[in-house]
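The structure appears below as structure tokens.
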Amino acid sequence: MTIKDVAALAGVSVATVSRVLSNADYPVSKELRSKVEQAAKELSFAYTSAPRSSKAYHDKEIAVVIPNISNPFYMQTINGISTVCYEKGYQMLLCNSMQDVEREEQILQDLYSRRVTGVIVSSISEDPRLLAKYTEKGMTFIQLDQNYEGSGVYSINYDSRLGARIAVRHLIENGHKRIAFISTPLTRWTRREIYKGYLEQLKKTDIEYDEKLVFIADTDGMGNLSKDETRTGAAMARKLVESKCNATAILCVNDMVAFGAIHALNEMGVAVPDDISVVGFDDIPLAESFVPALTTVHFPAYETGRIAAIMLIDYLANGKQSNTPLKMNMEPRLVERRSVRNLCR
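In terms of my numbering, the sequence shown is residues 75 to 419.
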């Protein structure tokens, strides 16, 4: 929760909330103060008025900003971060930007106001100036899943392009040539990398690109649906079947999209993998127990969270990263399960 949320619930301005919770020497009625304090309590919002130089407040606290708390992939990453925080005696603030750039900007402003100097962030903003603005103010970031430069911004990325190439190669080795691509809007760097990998592997194996096999949700046309990955996957799968594009396999941009696609295909009488094969991306825990068990590209989300937390805490404690590079790439591997049919048999 942010100070803006408290203000909205209390029906007052952000400035008033700040004055009440910081106990500033400013005349506020008892009724108004009570409303603000009650709103803060309901939202479990904590506020401090300690000076930014005060180490007592922020020395043992880091924040994590993610775009979608409902995606299990991010929860695995968070588990890795929280494990390290517990081991090292740090508190972790968890913030959900809900795939909203303005909300993300407000969260960063609130974290700065809270004197939080270390943040692990999976940013949805395409503008590197957003984080650079706060690094100039003394904040340190570990960036996940984004590829832009910024002073003081360290990054841990997944080689998503390679992962897509591995997935498409696996489908081709199993006799598939009509390979479709289903995705949420390509608003994030990692999604674009997966799409590029899909295109590269098709070209490498002399399979002609067919735009009729590409189903990418439209940011404007889908509205809120584009933020619900499972529903978007289902919607795109329905479009695929209705298009009669004769796809024999689908590469989905992540496992949540794949789950939605498989559910919709089943409803339309299209069996996976007998009628069409499906490959996901991420290898979240549900992929193994899903029916059929999902073949997917695995990335070490939990270990990534651990590494990010170690990098950040080492930097905050020592002013440097201990034996860790400025940028890291995590390698993918394919996990073969039961959602791909071998057409060569």
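Idealized CB from N, CA, C, for every residue including glycine.
If you check the beta carbons only, do residue i and residue j fall under 8 Å apart?
i    : j    : result
D357 : D329 : yes
V352 : A335 : yes
R252 : T322 : yes
Y208 : Y186 : yes
M404 : P359 : no
D184 : P406 : no
I152 : G379 : yes
L325 : A238 : yes
T293 : T261 : yes
K277 : C319 : no
I194 : A391 : no
R235 : E200 : no
E111 : V86  : no
I290 : S257 : yes
N248 : L417 : yes
G192 : L386 : yes
D219 : T264 : yes
A308 : A338 : yes
V190 : L168 : no
V175 : F119 : no
So what's residue i in DSSP terms, helix, strand or just coil?
i    : result
N231 : strand
S351 : strand
Q372 : Looking at the sequence shown, residue 372 is not Gln but His. Residue state, collapsed to three classes: strand.
D356 : strand
K401 : strand
E135 : strand
A84  : helix
G379 : helix
A206 : helix
R217 : The amino acid at residue 217 is misidentified as Arg; the sequence shows Gln. If DSSP states are grouped into helix, strand and coil, Q217 belongs with the strands.
E257 : According to the sequence as given, residue 257 is Ser; it is not Glu. DSSP places S257 in strand when its eight states are reduced to three.
A323 : strand
V331 : helix
R407 : strand
V365 : coil
T290 : The question names Thr, but residue 290 in the sequence shown is Ile. Looking at I290 - three-state DSSP - the assignment turns out to be strand.
G249 : coil
G307 : helix
I194 : strand
D302 : coil
A345 : coil
I281 : coil
T76  : coil
E200 : coil
So which of the options has the shortest CA-CA distance to residue i?
i    : options                   : result
T304 : S317, L287 and V331       : V331
H372 : I324, V409, I387 and A82  : V409
Y389 : I136, D348 and P202       : I136
D349 : N392, A383, R312 and V414 : V414
I198 : S108, N170 and E210       : N170
A113 : L83, S87 and L236         : L83
K134 : Q165, E116, T293 and V158 : Q165
Y272 : P347, K318, F255 and A206 : F255
M402 : Y269, A81 and E377        : E377
M172 : H250, S196, G154 and L204 : S196
K78  : R177, T191 and S144       : R177
L245 : Q275, P259 and K270       : Q275
I381 : G154, P202, R203 and P347 : G154
S363 : F147, R412 and M310       : R412
Practice prompt. Taking 8 Å as the threshold, find out whether the segment 204 to 216 comes into contact with the segment 227 to 235 through three or more Cβ pairs.
Written response: yes
Discussion item. With three or more beta-carbon pairs closer than 8 Å as the criterion, would you say the segment 360 to 369 touches the segment 134 to 145?
Written reply: no
Worksheet entry | Segments of 4+ residues assigned as alpha helix (DSSP H) that fall wholly inside the segment 132 to 180 | 146 to 162
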